[in-house]
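Asks:
Numbering (this note's numbering), first residue to last: -14 to 334.
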């Protein structure tokens, strides 16, 4: 670090330094600022730490310094990417102030090892798992069973839960633990089975937002289960119209609905008249709707959304997104009915 940069750093108050330091993860923080002087070291021991393990952060000396210098009570966020060895002192240290955990591409054994070191009474509010493995044919070996059945008592303070796995799962296991603070749930590759719906109704009384992104929906039968507390739903558009009706009948109090269309599906898109019927008969409280279509959608289906004044009369914000290809970049045409047209380019969708 140059003397000019160091002098500028020294001129900042401790409060400003804390703000700056919390933009960096603990490894980069230690590598850049540890042992510059006594004052900086004192501020470092007050920072809320983000422990980020990934293959690019491999210097054992820095990890040893982190483990010996920082207080475990400073750890607020823990992110582990890939199956790498976690420093034993960091792994086993108390994490009473930890509030966010993000796990990517870790195998089941390492996740199990990590979870065992979470205190039973913790402050974890956000938990996210993105795993290349998924579910075996027995509940006892599934990730859902591991997190919500075996160790569910460790996650009762959760507000946000995201479980994203590679392949289609077996039926949802029976869960006895109640998650009273859970507000947002993202889960993929599960059908709307009776066990899953029972979990939503009985174990998550304050859930408000559900993203259930199933690659396909098996037969979704009509059920008498109703879950009125969920106000936002994000799903893939089922192939069968009857399945969509049955799904929407479970969530009669929706205010926001988002549907995606699988790019590899060749079935016809649901036109506006059908959506209008569904809204009037299934979703009386709906205020915002987003339909994400692929490039193959017919112009006739799109034009049906222009007919009449339904969206204005119902005071629903309607967004129709059409994914197209423009050169090397995808083009998303977003149509806000009754409001405006906008065209947005995204390099990475």
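Cβ coordinates follow ideal geometry from the N, Cα and C atoms, glycine included. Nothing here was measured: the structure is a model prediction, and the numbers come from that model.
#1: How many angstroms separate the CA atom of residue 327 from the CA atom of residue 9?
#2: At a cut of 8 Å, does the segment 154 to 166 reach the segment 91 to 103 through at least three beta carbon pairs?
#3: Measuring straight from C-alpha to C-alpha, what distance separates residue 170 and residue 16?
#4: Which two residues bound the contiguous beta strand (DSSP E) that contains residue 219?
#5: Beta carbon of residue 212, beta carbon of residue 196: below 9 Å?
#6: DSSP state of residue 15, grouped into three classes?
#7: Can you list the beta strand (DSSP E) stretches of 3 or more residues lying completely in the segment 136 to 175, in chain order?
#8: Residue 112 bridges to which residues according to DSSP?
#9: Suppose you measure from the CA of residue 245 to the CA of residue 2; what does that come to, to the nearest Å?
#10: If we count the other Cβ atoms within 10 Å of its Cβ and call it buried at 16 or more, is residue 257 buried or exposed?
#11: Can you look up residue 234 in the DSSP assignment and give me helix, strand or coil?
#12: Assuming contact is defined by CB atoms lying nearer than 9 Å, are residue 29 and residue 6 in contact in what I supplied?
#13: Does DSSP classify residue 8 as helix, strand or coil?
#14: Which whole-angstrom value describes the C-beta separation of residue 178 and residue 164, a residue pair presumed to lie in contact below a C-beta threshold of 8 Å?
#15: Quick check on the DSSP output: the beta strand (DSSP E) that includes residue 283 runs from which residue to which?
#16: Using three-state DSSP, classify residue 80 as helix, strand or coil.
#17: Should residue 137 be labelled buried (16 or more other beta-carbon atoms within 10 Å of its own) or exposed?
#18: Quick one: what's got a C-beta closer than 6 Å to residue 333's C-beta in the same chain, skipping five residues either side?
#19: Could you please give the first and the last residue of the uninterrupted beta strand (DSSP E) stretch that includes residue 246?
#20: Could you tell me the alpha carbon to alpha carbon distance between residue 14 and residue 198, rounded to whole angstroms?
#21: Buried or exposed: where does residue 262 fall if 16 or more other Cβ atoms within 10 Å of its Cβ makes it buried?
#22: From the DSSP output, in three-state form, read off residue 91 for me.
#23: Answer yes or no: the CB of residue 211 versus the heavy atoms of the ligand ZN, is any distance below 8 Å?
#24: On the premise that residue 69 lies in contact with residue 86, defined as a C-beta separation below 8 Å, what is that separation, rounded to the nearest angstrom?
#25: Keeping to the same chain, check which residues put their C-beta closer than 7 Å to that of residue 289; ignore five residues upstream and five downstream.
#26: So, is residue 226 buried or exposed, given that buried needs 16 or more other C-beta atoms within 10 angstroms?
#27: Name the residue from 71, 81, 64 whose alpha carbon lies nearest to the alpha carbon of residue 112.
#28: Given this structure, state the Cα-to-Cα distance separating residue 299 from residue 273, to the nearest angstrom.
#29: Buried or exposed, going by whether 16 or more other CB atoms sit within 10 Å of the CB of residue 313?
#30: With H, G and I counted as helix, E and B as strand and the rest as coil, what does DSSP make of residue 198?
#31: With distance defined between alpha-carbon atoms, name the residue in 237, 181, 222 nearest to residue 129.
#32: Which one of 260, 183, 115, 144 has the shortest CA to CA distance from residue 193?
Replies: So, from the data block:
#1: The sequence position of residue 327 within the chain shown is 342, counting from 1. The sequence position of residue 9 within the chain shown is 24, counting from 1. Any reading at residue 327 needs caution, since the residue's pLDDT is 37, under 50, leaving its predicted position unreliable; the model's value is listed next. Taking the straight line joining both Cα atoms gives about 35 Å.
#2: No, because fewer than three Cβ pairs between the segment 154 to 166 and the segment 91 to 103 fall closer than 8 Å, the two stretches do not touch.
#3: For the purposes of this step, residue 170 is taken as residue 185 along the chain shown, with counting starting at 1. For the purposes of this step, residue 16 is taken as residue 31 along the chain shown, with counting starting at 1. Annotation: residue 170 to residue 16 spans about 36 Å, alpha carbon to alpha carbon.
#4: Position 234 of the chain shown holds residue 219. Segment 217 to 221, the beta strand (DSSP E) holding residue 219.
#5: Residue 212 sits at position 227 when you count from the first residue of the chain shown. Residue 196 sits at position 211 when you count from the first residue of the chain shown. Not closer than 9 Å, so no.
#6: As a first step, residue 15 must be located in the chain shown, where it is residue number 30. Correct three-state label for residue 15: helix.
#7: Contiguous beta strand (DSSP E) elements confined to the segment 136 to 175 occur at 145 to 150, 169 to 173, taking only those with 3 or more residues.
#8: Here residue 112 refers to the residue found at position 127 when the chain shown is read from its first residue. Per DSSP, 86, 146.
#9: Indexing the chain shown from 1 puts residue 245 at position 260. Indexing the chain shown from 1 puts residue 2 at position 17. Their backbone Cα atoms lie some 43 Å apart in a straight line.
#10: Sequence index remark: in the chain shown, residue 257 carries index 272 (1-based). Buried is the call here.
#11: Within the chain shown, numbered from 1, the residue matching residue 234 stands at position 249. Here residue 234 sits in helix by DSSP.
#12: For the purposes of this step, residue 29 is taken as residue 44 along the chain shown, with counting starting at 1. For the purposes of this step, residue 6 is taken as residue 21 along the chain shown, with counting starting at 1. For the pair residue 29 and residue 6, the CB atoms are nearer than the 9 Å cut-off.
#13: To locate residue 8, count along the chain shown from 1; it is residue 23. Coil at residue 8, not helix or strand.
#14: In the chain shown, counting from the first residue as 1, residue 178 sits at position 193. In the chain shown, counting from the first residue as 1, residue 164 sits at position 179. Taking C-beta atoms under 8 Å as the contact rule, residue 178 and residue 164 fail to qualify, at a distance of about 19 Å.
#15: Translated into the one-based positions of the chain shown, residue 283 becomes position 298. Where residue 283 is concerned, there is no enclosing beta strand (DSSP E), given that its DSSP letter is neither H nor E.
#16: Locating residue 80 in the chain shown gives position 95, where the first residue counts as 1. In the structure shown, residue 80 sits in coil (DSSP, three-state: anything other than H, G, I, E or B).
#17: Taking the first residue of the chain shown as position 1, residue 137 is located at position 152. Buried: at least 16 other Cβ atoms inside 10 Å.
#18: Here the question's residue 333 lines up with position 348 in the chain shown. Confidence at residue 333 is low in this model, with a pLDDT of 36, below 50, so the placement of that residue is unreliable and no value is reported for it.
#19: The residue labelled residue 246 in the question sits at position 261 within the chain shown. Boundaries for residue 246: no beta strand (DSSP E) harbours it, and the DSSP string shows neither H nor E there.
#20: Walking along the chain shown from the start, residue 14 turns up at place 29. Walking along the chain shown from the start, residue 198 turns up at place 213. Residue 14 and residue 198: Cα-Cα distance of roughly 37 Å.
#21: Residue 262 sits at position 277 when you count from the first residue of the chain shown. Sixteen is the threshold: since fewer than 16 other Cβ atoms of the shown chains lie within 10 Å of the Cβ of residue 262, the residue is exposed.
#22: Counted from its first residue, the chain shown places residue 91 at position 106. Note: residue 91 maps to coil in three-state DSSP.
#23: No copy of the ligand ZN occurs in the structure displayed, which carries no ligand at all.
#24: Here residue 86 refers to the residue found at position 101 of the chain shown. Here residue 69 refers to the residue found at position 84 of the chain shown. Their Cβ separation, rounded to whole angstroms, is 16 Å, which puts residue 86 and residue 69 out of contact at 8 Å.
#25: If you number the chain shown from 1, residue 289 lands on position 304. Hits under 7 Å: 256, 257, 258.
#26: Numbered from its first residue, the chain shown carries residue 226 at position 241. So residue 226 ends up on the exposed side.
#27: One-based indexing of the chain shown puts residue 112 at position 127. It is 64 whose Cα lies nearest to the Cα of residue 112.
#28: The count along the chain shown starts at 1 and reaches residue 299 at position 314. The count along the chain shown starts at 1 and reaches residue 273 at position 288. Across the structure, residue 299 and residue 273 are spaced so that their CA atoms are roughly 10 Å apart.
#29: For this step, residue 313 is matched to residue 328 along the chain shown. Here residue 313 scores only 49 on pLDDT, less than 50, and its place in the model should not be relied on; the value that follows carries that caveat. Counting Cβ neighbours within 10 Å, residue 313 comes out exposed, since fewer than 16 surround it.
#30: As a first step, residue 198 must be located in the chain shown, where it is residue number 213. Note: residue 198 maps to strand in three-state DSSP.
#31: In the chain shown, the residue the question calls residue 129 occupies position 144. The closest CA to that of residue 129, considering only 237, 181, 222, is found on 181.
#32: Here the question's residue 193 lines up with position 208 in the chain shown. For residue 193, the nearest C-alpha among the options comes from 144.
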